[in-house]
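Trainee:
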């Protein structure tokens, strides 16, 4: 059997190509990490449903350079996501490692998985007639989320319920516009407050609960809000640590209201705190006051 010899010059050339030699351009590998992104919402007073459709999410370290984090392509009812019921919109996605300071949601122009309905609509409380919801092209939220190289991070985008839906009156009944703001939180470094509302041994359901901060002048600012569930339980998640929160509520029915109750919670570390609110007997024919 004859063996064909390879010239030494060709052998050296092949080794240079295999090793990236020969004076060619070398490329550095961008380190990556894993990001799981959740999506949640505050309660939206005055609505039974608030449906929106998400197309994709981008992230930015500085607000000018944007990196695609992934396609979401999902339709969600924000009222189903409040009270601790956030959902995963990007499961364990490989992204460029680094610190992200802003997240940009691109809203979809169709529903998923079907495109048979409006991509965004609301049902005002007690109404059987849905209303189309006018959406912006994108919404940007801020918050520091670090994704270490080779590591795993779980973050959450939370929408605020503060004046999230604006109504402009018209002869046709009004135009509904989505103007929600929000924030992004690293769940590994944020706090959660849970608890239940009760009168005696009776759980109070459907009551709005607030996590508020108070400044030096005594001005209260709502940081998170949720409606209590069927067992009177509530969850206020995605709260910044290092703050003193006042958890407050004033359940009210059609003809009576409970006196307001509140408890302080010093959320010094990233953990879950408990604040159970007990209410005195309701007073009939009394209108509730907004906290």
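Residue numbers (our numbering): 54 to 344. Where a beta carbon is used, it is the ideal one built from N, C-alpha and C, also for glycine.
#1: If you follow the alpha helix (DSSP H) that residue 240 is part of, which residue opens it and which one closes it?
#2: Please give the ranges of any alpha helix (DSSP H) in the stretch 130-213, keeping only runs that are unbroken, at least 4 residues long and fully inside the region.
#3: Give the DSSP-derived three-state secondary structure of residue 302 in the structure shown.
#4: Any idea which residues DSSP pairs residue 330 with across the strands?
#5: Going by DSSP, name the residue or residues bridged to residue 92.
#6: Within 10 Å of its beta-carbon, does residue 308 have 16 or more other beta-carbons around it, so buried, or fewer, so exposed?
#7: Are the Cβ atoms of residue 86 and residue 148 separated by less than 8 Å?
#8: Flag this pair as yes or no: are the beta carbons of residue 261 and residue 277 separated by less than 8 Å?
#9: For residue 67, collect the residues of the same chain with a Cβ closer than 7 Å to its Cβ; drop the 5 residues on either side in sequence, then sort them by chain order.
#10: Could you name the residues of the same chain whose beta carbon sits closer than 7 Å to that of residue 274, not counting the 5 residues immediately before and after it, in chain order?
#11: Look up residue 335 in the DSSP assignment and say whether it is helix, strand or coil.
#12: Would residue 258 pass as a contact of residue 285 if the rule is Cβ separation under 8 Å?
#13: Name the two residues that bound the continuous beta strand (DSSP E) containing residue 107.
#14: Please state whether DSSP places residue 323 in a helix, a strand or coil.
Mentor: For this structure:
#1: No alpha helix (DSSP H) contains residue 240, which DSSP labels as neither H nor E.
#2: Counting only runs of 4 or more, we get 131-134.
#3: If DSSP states are grouped into helix, strand and coil, residue 302 belongs with the strands.
#4: Residue pairing from DSSP places residue 330 in a beta bridge opposite 250.
#5: According to DSSP, residue 92 bridges with 140, 210.
#6: Classification of residue 308: exposed, given that the 10 Å Cβ count is below 16.
#7: Taking a C-beta distance under 8 Å as the contact criterion, residue 86 and residue 148 qualify as a contact pair.
#8: No, Cβ-Cβ distance for residue 261 and residue 277 is not below 8 Å.
#9: The predicted model places residue 67 with a pLDDT of 45, which falls under 50 and marks its position as unreliable; any figure quoted below should be read in that light. So no residue of the chain qualifies.
#10: Cβ neighbours of residue 274 beyond the five flanking positions: 265, 266.
#11: Coil at residue 335, not helix or strand.
#12: Yes, the Cβ-Cβ distance between residue 258 and residue 285 is below 8 Å.
#13: Taken as a continuous stretch (DSSP letters only), the beta strand (DSSP E) holding residue 107 covers 100-113.
#14: In the structure shown, residue 323 adopts coil according to DSSP, grouped into three states.
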